[in-house]
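Chemist:
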Amino acid sequence: MTPTLRAVIFDVDGTLVDSEQSGHRVAFNEAFAAFGMPDRWDRTTYRELLAVTGGEHRLRSWFADPRSSTDGDDDPGARAADLHAWKTGWFTSMCRTGQIPARPGVGRLLGDLEAHDIDLAIATTGTRAWVDPLIDARFGLDRFDCIVTGDDVAHRKPAPDAYHRVLEILGLRADEALALEDSPPGLAAARSAGIACVVVANEETDHTQLVDAQLVTSGYGGPGAPMEVLSDPFGITRAGTLSAEVLMRLHAACAMQ
Ligand code: XBP
Ligand code: MG
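The sequence shown stops at residue 503 when you use the numbering used here, and every number in between is there.
Shown next, in the form of structure tokens:
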């Protein structure tokens, strides 16, 4: 029997919200300045650094990079932890003051999924301290049946832990859910948990590593949110909107594979 689509699991950064270049990057740079460090991440450098998920890990890997100012630092781990704590505070206040926008069209999709009785869930590598206030301010926290953050798992994306935890909390099998992601590490996490995945690409997405995606679009579609279908191996949609109906059709096609 074809499994029913019970839940759609959303990534946060880059998928529900436009948060990386004008949000997290700005907060990291503020943290460098507050700690008297000359390091600054420009857009190109930050795009490259997004391959490392989790802000603290990103900082730690930066401190091992010859471009950083910390060559020879005797405790890069402690420095990364301190900077990341400061950055989290700064970014949380950006979230609370409405500086992090939702991706165009995603609000419509959330409402459409609710109207079809499909649960909404979140699997992110971000930090709980800002995830909850951001989701609350932009969408309403109560609408989500489950929110798993980077604080809740041992291994961040591309490991499947966050997705496993969501399925466990919701009591679902992998084939009863669909993931929405924007990046190769997120796609890898969903796929290694056995969950079919739609990539809603953005300007930061590395398109060379999306072959595992069941559908790739350039946005959510609908009024003010143009959407191009970039890869559609199941031949699901040519329509200009990512809707609950499109996701249900995709889910059914994946189940029959
Ligand atoms: C996003 C991330 C996050 C943010 C920073 O990846 O890696 O770490 O960039 O947030 P994904 P924190 O969208 O795949 O979850 O500093 O709170 O870690
Ligand atoms: Mg993301």
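Ideal placement from N, C-alpha and C gives every residue a C-beta, glycine not left out.
Check whether the stretch 461–471 touches the stretch 480–490, taking contact to mean three or more Cβ pairs, one atom from each stretch, closer than 8 Å.
Modeler: As far as the Cβ criterion goes, the stretch 461–471 touches the stretch 480–490, which means the pair count is three or higher.
Chemist: Just checking THR487 against the ligand XBP - is the residue's beta carbon closer than 7 Å to any of the ligand's heavy atoms?
Modeler: Position 241 of the sequence shown, counted from the first residue, corresponds to residue 487. THR487 Cβ: outside cutoff for every heavy atom of the ligand XBP.
Chemist: Along the chain, which unbroken stretches of the beta strand (DSSP E) at least 3 residues long are found entirely within the stretch 364–399?
Modeler: Listed in chain order, they are 365–369 and 392–394.
Chemist: Could you spell out the range, first to last residue, of the beta strand (DSSP E) harbouring PHE480?
Modeler: Within the sequence shown, residue 480 is the residue found at index 234, counting from 1. First-last for PHE480: undefined, no H or E at that position.
Chemist: Output the distance between the C-alpha atoms of ALA297 and ASP388, rounded to the nearest integer angstrom.
Modeler: In the sequence shown, the residue the question calls residue 297 occupies position 51. In the sequence shown, the residue the question calls residue 388 occupies position 142. Each residue's alpha carbon lies about 31 Å from the other.
Chemist: Kindly provide the ranges of any beta strand (DSSP E) runs that are 3 or more residues long and lie completely inside the stretch 410–441, ordered along the chain.
Modeler: The stretch 410–441 contains these whole beta strand (DSSP E) runs: 423–427.
Chemist: Quick check on GLY260: buried or exposed, where buried means 16 or more other Cβ atoms within 10 Å of its Cβ?
Modeler: Taking the sequence shown and counting its residues from 1, one reaches residue 260 at position 14. Looking at its Cβ environment, which holds 16 or more other Cβ atoms inside 10 Å, GLY260 is buried.
Chemist: Quick check on DSSP: helix, strand or coil for ALA297?
Modeler: Against the sequence shown, residue 297 aligns to sequence position 51. Looking at ALA297 - three-state DSSP - the assignment turns out to be coil, as it is neither helix nor strand.
Chemist: Would you mind sorting THR290 into buried or exposed? The rule is 16 or more other CB atoms within 10 Å of its CB.
Modeler: As a working mapping, residue 290 is identified with position 44 in the sequence shown. By the 10 Å Cβ count, THR290 comes out exposed.
Chemist: Have a look at VAL258 and GLU474 and give me their C-alpha separation to the nearest angstrom.
Modeler: For the purposes of this step, residue 258 is identified with residue 12 of the sequence shown, where counting begins at 1. For the purposes of this step, residue 474 is identified with residue 228 of the sequence shown, where counting begins at 1. Distance between the alpha carbons of VAL258 and GLU474: 21 Å.
Chemist: Could you check which residue in PHE256, VAL445 and PRO430 has the C-alpha nearest to that of ILE381?
Modeler: In the sequence shown, the residue the question calls residue 381 occupies position 135. When only C-alpha atoms are compared, the closest one is PHE256.
Chemist: Got a sec? Which residues, its chain only, sit under 7 Å from ALA435 by beta carbon, not counting five neighbours each side?
Modeler: The residue given as residue 435 occupies position 189 in the sequence shown. Around ALA435: LYS403, PRO404, ALA405, PRO406, ALA408 and TYR409.
Chemist: What is the DSSP secondary structure of GLY465, reduced to helix, strand or coil?
Modeler: If you number the sequence shown from 1, residue 465 lands on position 219. Reduced to three states, the DSSP call for GLY465 is coil.
Chemist: Can you give me the start and stop residues for the beta strand (DSSP E) that ALA253 sits inside?
Modeler: Walking along the sequence shown from the start, residue 253 turns up at place 7. Run containing ALA253: 253–256, per the beta strand (DSSP E) assignment.
Chemist: Excluding five sequence neighbours on each side, which residues of the same chain lie with their C-beta closer than 7 Å to the C-beta of TRP287?
Modeler: Start at 1 with the first residue of the sequence shown, and residue 287 comes out as number 41. Taken in chain order, the residues that qualify are ARG271, PHE274, ASN275 and LEU295.
Chemist: CB-CB under 7 Å to GLU302, same chain, minus the five flanking residues each way: which ones, in chain order?
Modeler: Numbered from 1 along the sequence shown, position 56 holds the residue referred to as residue 302. Hits under 7 Å: ALA326, ALA327 and HIS330.
Chemist: Rounded to whole angstroms, what's the CA-CA distance from ALA367 to THR395? Just pull it up for me.
Modeler: To locate residue 367, count along the sequence shown from 1; it is residue 121. To locate residue 395, count along the sequence shown from 1; it is residue 149. Each residue's Cα considered, the two are about 11 Å apart.
Chemist: For ASP428, verify whether its CB is less than 7 Å away from any heavy atom of the ligand MG.
Modeler: As a working note, residue 428 is residue 182 in the sequence shown. The answer is yes for ASP428.
Chemist: For THR248, which three-state DSSP category applies?
Modeler: Indexing the sequence shown from 1 puts residue 248 at position 2. Coil, per DSSP.
Chemist: Which residues mark the beginning and the end of the alpha helix (DSSP H) in which MET340 is found?
Modeler: As a first step, residue 340 must be located in the sequence shown, where it is residue number 94. It spans 322–342 - the alpha helix (DSSP H) in which MET340 sits, taken as one unbroken run.
Chemist: Compare the Cα-Cα distances from ASP428 to each of PHE278, ALA447 and VAL462 and report the closest residue.
Modeler: As a first step, residue 428 is located in the sequence shown; it is residue number 182 there, counting from the start. Nearest of PHE278, ALA447 and VAL462 to ASP428, Cα basis: ALA447.
Chemist: For ASP285, verify whether its CB is less than 7 Å away from any heavy atom of the ligand XBP.
Modeler: Translated into positions along the sequence shown, residue 285 becomes position 39. No, the ligand XBP has no heavy atom inside 7 Å of this Cβ.
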